[in-house]
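Trainee: After the structure tokens below, expect a handful of questions from me.
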Amino acid sequence: MKSAILAVVLAMPPQAILAEDVPTTVAHPRPVISEIVTADPARARRFPGVIEGENVATLGFLTGGRLASVPVEAGDQVMQGDTLATLDQVTLQQDLASARAALETVQAKATLAAQQFARAETLRARGVASDAMLDNARANRDAIAAKVKNARASLTRAEDAAQYSTLTAPTEGIVLSVLAEPGATVSAGSAVIKLAAPTGREAVIDVPEAFAALLPPDAVFSLRRDKNDTAATTARLSVIEPVAETSLGTRRLRLALDNPPKDYRIGSLVEASYATVSAPLMTLPRVAIAIAEGPNGPGVWRIEGADRRAHFIAVTLGNTIGDRVVIRDGIAVGDEIVTRGAHALTENQNVGDRLE
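Written out as structure tokens, the structure reads:
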């Protein structure tokens, strides 16, 4: 019986035994990190802002003096020619009288100096006076003549100050702010009143620098007074101010209003949101961009199919914003793009199941 069992074992094919002892080689999926492409989330953000006048003028006196009165306040609507502020007339009249007296005094001295020079010139012709005496008389005459010119200029300034002691509105407008209080001493040209034209209005908002860099020149925004405001007002980007607020990392945008409602007064608070446009704005991390050999140029690895295979897709790149790049063409919202491990993939390579 033992010899029969041994014969059976020896008769078994050798490959059957090897199949149990030698492991089979299996190709494992390539682990990567991926991202689902979405439209830029900044479009859904809302930014607080305020309505301002498009045409704003800062007004001041043509001369200096002590501010006597400011009969207007912020928010007042004024007509052309209305008085906005006045300077102290008593002080101005005193300055004018002092300037006239100073001119009369120096003119009298100038007359005396001219007479003394004429006398010295006569004496020098007779040989009585020396050249030094004549030179001194001439210098004194010329010096006092210069003082006469200076006094006359001071009188002209005092007369202008008395004439321009009232600040009036150059046109119809709305007072935005009063920049000086009665009793303060103001110099010529210093800001006293800020006035805005009643017609031209714009919305001013602050947005992150990265968001501002993505905006097209004709960006459209929707404005609402509050969350319950059902009727939105359209506004278009007019200016992105060149100076950034470094401490906050924001840029100031000015939006021109299209036919704003009457309740959109200067100083009103609004909420602005980036209006939806036909083409979504898509961005990917810079590390997701791979450079293919040949004419394809830059591209990304897109995961496709139920078996999750990686395929190289050529893309058109836009601006670089921080660590992300705008993708203008080549992919669509909803695509799954490899963001880590993209430089080690090959065409049609399996990347395994997606883990959230």
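Just so you know, we're using UniProt numbering here: the sequence shown kicks off at 1 and counts up by one.
Cβ atoms here follow ideal geometry from the backbone N, Cα and C, with glycine treated the same way.
(1) Buried or exposed: VAL239, going by 16 or more other Cβ atoms within 10 Å of its Cβ?
(2) Within 10 angstroms of the Cβ of ARG119, are there 16 or more other Cβ atoms? Answer buried if so, exposed if not.
(3) Below 7 angstroms between beta carbons: does that hold for LEU195 and ALA57?
(4) Measuring CA to CA, which of VAL70, ILE331 and ARG354 is closest to LEU87?
(5) In three-state terms, what does DSSP make of MET79?
(6) Roughly how many whole angstroms lie between the Cα atoms of ASP95 and GLY53?
(7) Going residue by residue through the stretch 113 to 179, where are the continuous beta strand (DSSP E) segments of at least 3 residues, counting only ones entirely within it?
(8) For ARG309, list the residues DSSP reports as bridge partners.
(9) According to DSSP, PRO298 sits in a beta bridge with which residue or residues?
(10) For the candidate residues ALA74, TYR264 and PRO198, whose alpha-carbon lies nearest to that of GLN80?
(11) State buried or exposed for ALA203, treating a residue as buried only when at least 16 other CB atoms are found within 10 Å of its CB.
(12) Who does ALA196 pair with in a DSSP beta bridge?
(13) Would you mind sorting ARG354 into buried or exposed? The rule is 16 or more other CB atoms within 10 Å of its CB.
(14) Measure the alpha-carbon distance for GLY267 versus LEU255 and round it to whole angstroms.
(15) Please state if the CB of VAL325 and the CB of ARG286 are separated by a distance shorter than 7 angstroms.
(16) Could you say which of ALA306, ALA272, LEU103 and GLU347 lies nearest to ARG299 if we only look at CA atoms?
(17) If you pair each beta-carbon of the stretch 26 to 35 with each one of the stretch 145 to 162, do three or more pairs fall below 8 angstroms?
(18) Mark ASP335 as exposed unless 16 or more other C-beta atoms lie within 10 angstroms of its C-beta, in which case mark it buried.
(19) Excluding the 5 residues flanking LEU134 on each side, which residues of the same chain have their C-beta closer than 7 angstroms to its C-beta?
(20) Going by CA-CA distance only, name the one from THR283, MET282 and ASN350 that's closest to ALA306.
(21) Going straight from the alpha carbon of LEU67 to that of GLY75, what length do you get?
(22) May I have a chain-ordered list of the beta strand (DSSP E) segments no shorter than 3 residues that lie completely inside the stretch 232 to 284?
(23) In three-state terms, what does DSSP make of THR24?
(24) Rounded to a whole number of angstroms, what is the C-alpha to C-alpha distance between GLY127 and ASN150?
(25) What first and last residue would you give for the alpha helix (DSSP H) that runs through PHE211?
(26) Could you name the residues of the same chain whose beta carbon sits closer than 8 angstroms to that of VAL26, not counting the 5 residues immediately before and after it, in chain order?
(27) Assign PRO260 to buried or exposed, taking buried as 16 or more other Cβ atoms, counted over all protein chains shown, within 10 Å of its Cβ.
(28) Relative to the C-alpha of ARG225, which candidate in ARG46, ILE36 and ARG309 has its C-alpha closest?
(29) Measure the CB-CB distance between VAL37 and ILE331 and report whether it falls below 7 angstroms.
(30) Using DSSP with H/G/I as helix, E/B as strand and the rest coil, what is ARG100?
(31) Going by beta carbon distance, what residues of the same chain come within less than 7 angstroms of ILE313, once the five residues before and after it are set aside?
(32) Under 7 angstroms, Cβ to Cβ, is there at least one residue of chain B near ARG224?
(33) Touching or not, the stretch 175 to 187 and the stretch 150 to 164, by the rule of three or more beta carbon pairs under 8 angstroms?
(34) Looking only at DSSP bridge pairs, what is ARG30 linked to?
(35) Three-state secondary structure (DSSP) at VAL106?
(36) May I have the straight-line CA-CA distance separating LEU257 from SER222, to the nearest angstrom?
Mentor: Taking the coordinates as given:
(1) By the neighbour-count rule (16 or more Cβ atoms within 10 Å), VAL239 is not buried but exposed.
(2) Counting Cβ neighbours within 10 Å, ARG119 comes out exposed, since fewer than 16 surround it.
(3) yes
(4) Comparing Cα positions, the closest option is VAL70.
(5) coil
(6) 39 angstroms
(7) 166 to 168 and 173 to 178
(8) GLU304 and ASN350
(9) ILE291
(10) PRO198
(11) buried
(12) VAL56 and ILE174
(13) exposed
(14) When rounded, the distance between both Cα atoms is 14 angstroms.
(15) Taking 7 angstroms as the cut-off, the Cβ atoms of ARG286 and VAL325 count as close.
(16) Correcting the residue type first, residue 299 is Gly in the shown sequence and not Arg. Ranked by Cα distance from GLY299, the first of ALA306, ALA272, LEU103 and GLU347 is GLU347.
(17) no
(18) buried
(19) Within its own chain, the residues whose Cβ lies closer than 7 angstroms to the Cβ of LEU134, once the five positions on either side in sequence are excluded, are ALA120, GLU121 and ARG124, listed in chain order.
(20) ASN350
(21) 21 angstroms
(22) 233 to 240, 250 to 257 and 269 to 274
(23) Reliability of the predicted coordinates at THR24 is poor, the pLDDT of 43 falling under 50, and the value obtained from them is presented with this limitation in mind. Coil at THR24, not helix or strand.
(24) 36 angstroms
(25) 209 to 214
(26) Any reading at VAL26 is ruled out, since the residue's pLDDT is 45, under 50, leaving its predicted position unreliable.
(27) buried
(28) Of the candidates ARG46, ILE36 and ARG309, the one whose C-alpha sits nearest the C-alpha of ARG225 is ARG46.
(29) Yes, Cβ-Cβ distance for VAL37 and ILE331 is below 7 angstroms.
(30) In the structure shown, ARG100 sits in a helix (DSSP, three-state: H, G or I).
(31) GLY299, VAL300, ARG302, GLY330 and ILE331
(32) No chain B is present in this structure, which holds just one protein chain.
(33) Short answer: they don't touch.
(34) Beta-bridge pairing links ARG30 to no other residue.
(35) helix
(36) 10 angstroms
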